[in-house]
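Chains as they are written, first to last, in the UniProt record's numbering: chain S, 1 to 295; chain B, 1 to 295; chain H, 1 to 295; chain D, 1 to 295. Where a beta carbon is used, it is the ideal one built from N, C-alpha and C, also for glycine. Right, one structure below, let's go through it.
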C-alpha cells in the first residue's frame, strides 16, 4: 500500500533511506536545509518541499532523520516544526539516534496534539542505509509499529519492536555500549598479544572461532592488523553516543562500570585528535597507554 | 601414523581427550592420581601406568593436562616428574591453561635435557573435549607443531600455531580476557535495558544481529534471560584466568584498563559466593551494583 | 561599609549565611518559598520580602543560594526572577553549587542587562555556614570579587578568587571529585585491612601520619570504624555533584579515569538505598563488592 | 639498654637507619654487598662483617632492609642466609617492603628454628630515614614488638603495632594504595582545572583548606604546578608496590575498583618512560589521556 510520506533530513543516512522508500512505491516528499539533497531525491522519483510545513501538511507519515537531540527538538517541537503543521492522527517516526528522554518528550508533545510517534533509530551505517539492510529498533505503541512495519521493511532487514516510547533509543544506546566495549577489549588483547611476541593474525583467527568471537572481531580485525582507520563509524559520533548511554543509564539507576571507563577512553581518543577516525582506532589509545609508538 | 603417547592428567578434560587419541589409533598410556580415570581409559582401549615415570619411559610424545601452574611444575619439573624419566628427543605437550611464564620455564628446563616442548591450551570446555571440537592454541617451534598437528587434529577443529614457547598460553589468556569483558558488558546492557522497561528478549535479538553481536551474546543470552547459571564455565576458573592475564600483561607492559576492572568484578562475584556458577552470572554483580534484587 | 543585600533561598545553608550577614552589619532582605525561614531571618534582625521582585528592587547586592541548576535558572533567569527586577549595575552572587555552564549562562544573561555576576559556591556544610568558616571559591571579574570580598569574609575563612565566570563552580566540582575519590580509596583500604586481620584503628593512625594522610581520613575514619553514617554530606548530593564534574570535564576534554569509576560507585550506593547516608557510607559499597555482610 | 644488632642491607634507606642505631648507643654490625656502605657505617662508629653469617652469629637482634621479596628470601631463607647462622631466640626484624605472604613465609620458617620475627616496613623515604622520622608499621607478636620498640624509636616518630605477622606489610600496602589514588585524582583535578581556565595555584590553595585537603596535595602540588618531577618516590617503586597491594587484596577477597585502575595507570606511566620520575608524574599520564602536550 503506497503511503504519503514526508521525509525531513536527507543527509548521509536520510537520503538513501528516502530513496529506498520511493523505490518501494511510496509518495515521498523530502525536506533538507541543502537543496542538493532534495534535488537528488526528486531525481530518484521523489518530491521536494520548501519547508517542513510544506513537506508535512498532507503527509500520512512523517519520518525525521537528523544528527542529535537539539536538531530533533528544532525539527519536531520548535516553531515551524513538524508538530505545528502536521494533521492530527499522523504518525511521526523519528529515526535519529538521540536520548530516550528526548524521544519521550517528543512523544508527550505529540500526544497533546493527537499525533502518534515512534522512535526508530538504526544501526548499519551508510552502507546499510544504501543497501536497505539496516537494523531498526522501534519504541512506541504496538499498533503504530504494525502500521509502520512495511515502511521499515523497505529500509532494513532486522526490524524489531522493543517496547514503549524511548525503548528504541534505549536499545540503540545499549548497542553502542556493547560495541565500544567489544572494540576496546579487542584493542587491549591486540596490544597484549603483540607485546608478548605472538603471531597476531593467527591468534585473531583462533580467537574468532571460539567464545571470544564477535562481529566486532570479524569486521574490525583488519583495521587493527593493518592500522587502517578510515571510517567506518567515527569516534566523534561514538563519543556522542557514549554520552547518551551514560546519561540514560544514570537516569534509570543501572551501573555501567565498564561503560564508564570506555566512555573516558573514547573521549581520550577524541582529545588526542582521533575523532574523525573509525572507532577501531581505540587501538591507538591502548598503544599510548602502553608506551608504544602510535602509527 | 600411530604414536606412543603418555597422557598425564585424566580429569574432566583429559580423560575424553586421551580417549579421542585412542580412537584415532594411537597407543595411549595414561596416568592419573585417581585410579578410576585410568580404568576408564583402559576400558576404552588405552593403557594404564602406575606412575609418571612408568607412563613416560617409552613414550614418543607426552601430553599433560592438569589444573594450574603448581600442578604443571609438580608433574613436569619436580622429583618424579616427566623430565626425570623421559628420553631425550621426546616431545612434551602441556595442554593445561597456565601462565606463559611457567610454560617458558618448562621449556627452558626441557631444553637442558634435550626434550622438546609445546604449550597447547584449549578452549571449548568439556563438551568440546568429548566431541573433539576444541580450539587449540599452540606455542613452540614450527617443526614440533607440525609433528604434533595430527594429534591435535584428533582433539579439535581449530588448531593454530601462534608463536614461540608461551604464545599458546598468551592467546588463551587473551581469549579469557575478551570473554570476560564481553560477558560483563552484556550484563551491563541487560540491567540497563530491563531498568529502562525494554522488552529484553526482543532487544537481544536485534543487538545480536548487528555490530554488537558476539558468540557470548548468542550462547549466554539464554542464561541471562532465564537467570539460569548452571555451569558451563565456572567463575572460580575465570577468576584464576584473570589472574593469569593480568600478570602476563603486566609482564609485557600492556595496558588493560577494561581487563583490570573486569578482574575486580570477577573476584567480586566469587567473594559473593557465585564462584561455582557459570561466568554469565556476572549479571548478578551488575544487579547488586544497581541495587536490584538478585534472584 | 553596610550594604543593602537581597538574599534569595533561606534553606539549611542560606538561612545561617543570611543571618551572618546581618550580624556583620548589613541590611539583609530575605525571600524564601517557606515563610518560616523568612521569620527566622527577621527575628535575627533582617527583613522579609513577599517576592523575589520585592526583595531585589532596591538591593545593591543579590545573593542566591538554591539546590541545583533548574532552581538557579528559575530564580535568576525565569519570569519573576532576579534579572527581571534588579537594577542595572547590581552585583548578583550565586552561591549555589551548579554546573559551570549554567553559571556562564547566567553571567551572559546578566551582562545583557548591565548586571554583574559572581559564581561563589561554598564548601564546609551546615556547620561551616553557621560558624561562618566556609571555604568560598569565586569566579568572575577581579573588581567584582574585590567589592564582594567583605561580604564573603562575613561568611567564611577561606575566600579565593579562582578565575572568570564559572571558575568557582569548576573548583567546587574538582573539590567534590577529590573528596569522593579520597573517601572511596579509604573505604577500599579499610575492607582490605579488615579482611587481612589488621588492627584497623592502629592502622588508620599510622596511615594518617604519613603521605596517605588526608582531611577525609581524619574526619571520616570515625564513621568507618564505627559504621556510623549519619550525615554529614549525603550521598544523594554527592551523586548530583559527580554528574556535574563528569559533564564539566567532558566539556573541556579532561580525562577522569578515577572520577568516572567513582561516579558509578556513588550511583551504586544510591541505587542500593544509601542515598541519605553520609558519603563515608561508600564503605558499604566496597563491603558489598567484597561479599561481606553490610551492617 | 644497648643491644647487639646485625644490620643486613645498607642501601639508601638501610645505611642511615643503621647509623641512627649507632647514635642511639647500640652495637651495630653491618653487612652489605658493596663494601663502601660498610665502611661508612664503620666510620660512624659501627662494625663491619664479611658475610651474613659473620654479622648475625652473636646478634641479639637482626634487621634486614633489602629491595624486594626475592632479596628477603635470599638474605633470610636461602643457603648462607640469616636463619642458617642465627642463634635460637634471636629477634629478626625485616623492614623491607614486601608482600605479606613472604613475611608470613619468613615467620613460619623462623618459628621452625626457634627464631622470632617482626615485619616492620617504613614510610618516609630517604629523608625520613636520615632524620629518624620514619613511620613504622609493625606486624608480629606484641611482646616482640615491645622488645623492639626502643630500636624503632631510634628510627622513626610514628611506631605502631598493627597486628600479627604480615600485618605491617599489609598496612604498608594500604598506604601505597591510598597514596597512588590520592595522587592520581589530584592529577585529574589539575588537568580539569587547567583545561577549564581556572587559576590553578589559587584553586589548589582553596582545595587544600577543605575536605579535599591531603598530605599528597600539600607535598605534591608544587611538583604539579611546576611540572618538576625529580624524585622523591619513583614510579618504578610504586609500580612494584601496586603489584603487592593488588595481589594481597586478591588473596583476602577485598575489592579494589579504584586500586585496580590506578595500578594500570602507574604501569602506563612506567611503560611511557616515566619510571624514574617522582610518582607525582602521574600527572603526565592524565595529560596524555587528555590529548595535551606533555612537558
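In the structure shown, the three-state DSSP call for residue 183 of chain D is helix. For residue 58 of chain S, there is no enclosing beta strand (DSSP E), as DSSP marks it with neither H nor E. Proximity of residue 286 of chain B to chain D, defined by a Cβ-Cβ separation below 8 Å, is not satisfied. Around residue 289 of chain S, the beta-carbon contacts reaching into chain D at under 9 Å are 264, 265, 267, 268, 271, 272, 285, 288 and 289. Nearest in C-alpha terms to residue 57 of chain H, of all of H:290, H:6 and H:202, is H:6. Pairing residue 184 of chain B with residue 241 of chain B, the inter-Cα distance amounts to about 15 Å. Counting along the chain, residue 238 of chain D sits inside no beta strand (DSSP E); it lies in the alpha helix (DSSP H) bounded by residues 235-252. For residue 120 of chain S, no CB of chain B lies under 8 Å from its own CB, so it is not counted at the interface with that chain. Cβ proximity to chain H below 7 Å picks out 185, 186, 188, 189, 191, 192, 193, 195 and 196 from the segment 185-196 of chain D. Per DSSP, reduced to three states, the secondary structure at residue 94 of chain D is strand. Within chain H, the C-beta atoms nearer than 7 Å to that of residue 205 of chain D come from 160, in chain order. Excluding residues up to 5 positions away in sequence, 166, 169, 170 and 248 lie with their Cβ nearer than 6 Å to the Cβ of residue 100 of chain B in the same chain. Excluding its 5 nearest sequence neighbours in each direction, residue 116 of chain S has C-beta neighbours in its own chain below 8 Å: 89, 90, 91, 92, 110, 140, 141 and 144, listed in chain order. Assignment of residue 99 of chain H by DSSP, reduced to helix, strand and coil, places it in the coil class. Looking at H:12, H:276 and H:266, the one whose alpha-carbon comes closest to that of residue 282 of chain H is H:266. By the CB criterion at 8 Å, residue 254 of chain H and residue 272 of chain D fall outside the cutoff.
Assignment of residue 31 of chain D by DSSP, reduced to helix, strand and coil, places it in the strand class.
In the three-state DSSP reduction, residue 270 of chain S falls in the helix class (H, G or I).
Here the alpha carbons of residue 220 of chain S and residue 261 of chain D stand approximately 26 Å from one another.
The beta carbon of residue 126 of chain S sits closer than 8 Å to the beta carbons of 12, 13 and 16 from its chain, once the five residues preceding and following it are set aside; these are given in chain order. Ranked by how close their Cα comes to the Cα of residue 64 of chain S, the residues S:121, S:112 and S:259 have S:121 in first place. The secondary-structure analysis by DSSP pairs residue 123 of chain S across a beta bridge with S:135.
Annotated as distal: residue 134 of chain H and residue 189 of chain D, with beta-carbon spacing of 8 Å or more. When the alpha-carbon of residue 151 of chain D is set against those of D:72, D:279 and D:60, the nearest one is in D:60. For the C-beta of residue 225 of chain H, not a single chain S residue is nearer than 8 Å; the gap to the nearest is close to 27 Å. The beta-carbon distance between residue 48 of chain S and residue 30 of chain S, rounded to whole angstroms, is 6 Å. This is short enough to meet the 8 Å contact definition. The straight-line gap separating the alpha-carbon atoms of residue 50 of chain D and residue 80 of chain B is approximately 39 Å. By the criterion of a C-beta distance shorter than 7 Å, residue 32 of chain S is surrounded in its chain by 9, 10 and 38, once the five residues flanking it on both sides are discounted. By the CB criterion at 8 Å, residue 223 of chain B and residue 208 of chain B fall outside the cutoff.
Residue 291 of chain S and residue 87 of chain B have their C-alpha atoms some 45 Å from each other.
If you draw a straight line from the Cα of residue 246 of chain S to the Cα of residue 98 of chain B, it is about 37 Å long. As a beta-bridge residue in DSSP terms, residue 278 of chain H pairs with H:234. For residue 86 of chain D, there is no enclosing beta strand (DSSP E), since its DSSP letter is neither H nor E. By the rule that beta-carbons nearer than 8 Å mark a contact, residue 175 of chain S touches chain B.
In this structure, residue 84 of chain B lies near residue 53 of chain B, with their beta-carbon atoms less than 8 Å apart. Distance between residue 161 of chain B and residue 277 of chain H, taken at the CA atoms: about 56 Å.
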